[in-house]
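**Q** Numbering-wise, the UniProt record's numbering puts 106 at position 106 of the sequence shown, and it's gapless, one number per residue.
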Amino acid sequence: MTHIDRQRVIKSENEMDSMRDVCTTGAQTMAAMISSVKDLQNENAICGLLEFEGRRRGSQMQAYPPVIAGGVRANTIHYLDANNDLNPNETVLVDAGCDLNGYVSDITRCFPISGHWSDAQRSLYEALLYVHEELLTYAHNLEKVRLSALFRRMNELLAASFTELGLIRAKDNLEMLRMAEKLCPHHVSHYLGMDVHDCPSVSRDIDLPPNVVFTIEPGVYVPNDWPVAEFRGIGYRIEDDVATSPSGGIELLTAAVPRDPVEIQRLMGTAE
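Dropping the structure here:
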């Protein structure tokens, strides 16, 4: 661990206020984009809408080039082209953040472009959302948070949730876990602060003290050759920013943008 990263990973109270501000701004920006996105026809239009909604809320710039991926392009985890037309029968993944006074947010949400989920889209989304909510609860209840423990727990939850859904069909627990890792080939978390992937020299296998900010971001990326045909080509990630609290547990910093599929439809004006 470098000396600079050792200082950066634990936030002062003033820095925590800055992180709360930028995460709230980022969440409000994402929510505003979702509420206005239904008539947009190209990924680039979403990029412009994010820039507009962020700047009108005080963001100085986007924290990083956003990932705006319609349909199967969401299976490219860092898809940056954002220049394809949107198919109203598909979902879109948006991974974006705001930069405010030198600190950044990092949020991912997924939603149906038309405002209406197909049965397969919604059932897969709800299976991933269950994992996300369980991870938030798990992290909150840990005496000491370790990102490595969150990663192991994510893989266990993904394997169980996707097996129940029917996305994974395995002969034993080991095969279940291996298939879950194929469907989500990235870590569940990284540190966050002055940079998006902040403090890279800090291990993910240490007990976190209070005032450490990190992401929780389980995902699922179903390739077009996956054995279960109904879910092929769907890619989702649900990402929120949290901090270890001095009073115990974690503080959710990005609560201003919903995750629930009905609440997302309500934002889009398409809830039944």
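From the three backbone atoms N, C-alpha and C, an ideal C-beta is built for every residue, glycine too.
Since we're looking at a predicted model, the values are computed, not measured.
How close, in whole Å, do the beta carbons of D5 and C199 come, if the pair is a contact with beta carbons under 8 Å?
**A** 4 Å
**Q** Looking at the strands, I want to know which residues DSSP matches up with T91.
**A** P112
**Q** Rounded to whole angstroms, what is the Cα-Cα separation between S203 and E239?
**A** 20 Å
**Q** If you scan the segment 1-44 from start to end, which runs of the alpha helix (DSSP H) of 4 or more residues do you find wholly inside it?
**A** Contiguous alpha helix (DSSP H) elements confined to the segment 1-44 occur at 3-9, 13-36, taking only those with 4 or more residues.
**Q** For D205 and R146, what's the separation of their Cα atoms in angstroms?
**A** 6 Å
**Q** What residue ranges within the segment 232-272 form continuous beta strand (DSSP E) runs of no fewer than 3 residues, ordered along the chain?
**A** 235-237, 240-244, 250-252
**Q** Check whether the Cβ of T25 sits closer than 8 Å to any heavy atom of the ligand PLP, and report yes or no.
**A** Looking at this structure, you won't find the ligand PLP or any other ligand, since it has none at all.
**Q** With three or more C-beta pairs closer than 8 Å as the rule, is the segment 215-226 touching the segment 184-191?
**A** yes
**Q** Would you report the Cα separation of E90 and S35, rounded to the nearest angstrom?
**A** Across the structure, E90 and S35 are spaced so that their CA atoms are roughly 17 Å apart.
**Q** Considering only C-alpha positions, which residue in the set L129, I46, N83, A96 is nearest to P65?
**A** A96
**Q** Helix, strand or coil: how does DSSP classify A63 here?
**A** DSSP places A63 in coil when its eight states are reduced to three.
**Q** Can you give the Cα-Cα distance for V228 and L167, rounded to whole angstroms?
**A** 6 Å
**Q** On the DSSP letters alone, give me the boundaries of the beta strand (DSSP E) that L100 sits inside.
**A** 98-100
**Q** Are the beta-carbon atoms of G48 and C98 separated by less than 9 Å?
**A** no
**Q** Helix, strand or coil for V213? Go by DSSP, reduced to three states.
**A** strand
**Q** Please work out which residues of its chain come closer than 7 Å, Cβ to Cβ, to Y130, disregarding the five sequence neighbours upstream and downstream, and give them in chain order.
**A** Same-chain partners within the cutoff: S161.
**Q** DSSP three-state call for D81: helix, strand or coil?
**A** coil
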